[in-house]
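Numbering (our numbering), first residue to last: 99 to 135.
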């Protein structure tokens with residue numbers, strides 16, 4: 099699978115996002131989300 103440039107996140111951001119998701123059950127706000135193409 100190919101990923102668009104700029105679609106990755108740093109491991110630290112991933113860890114923070116996962117923790118936020120586990121607490122809230124919602125899409126993490128610490129990540130800049132992009133609309134699907």
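Idealized CB from N, CA, C, for every residue including glycine.
Predicted model, so just to flag it, every value in this text is computed and none were measured.
- Per the coordinates, the alpha-carbon of residue 126 lies some 21 Å from the alpha-carbon of residue 103.
- Taken through DSSP and simplified to helix, strand or coil, residue 130 comes out as coil.
- In this structure residue 109 does not touch residue 129 by the C-beta definition: roughly 13 Å separates them, more than the 8 Å allowed.
- Counting along the chain, the unbroken alpha helix (DSSP H) around residue 115 starts and ends at 109 to 122.
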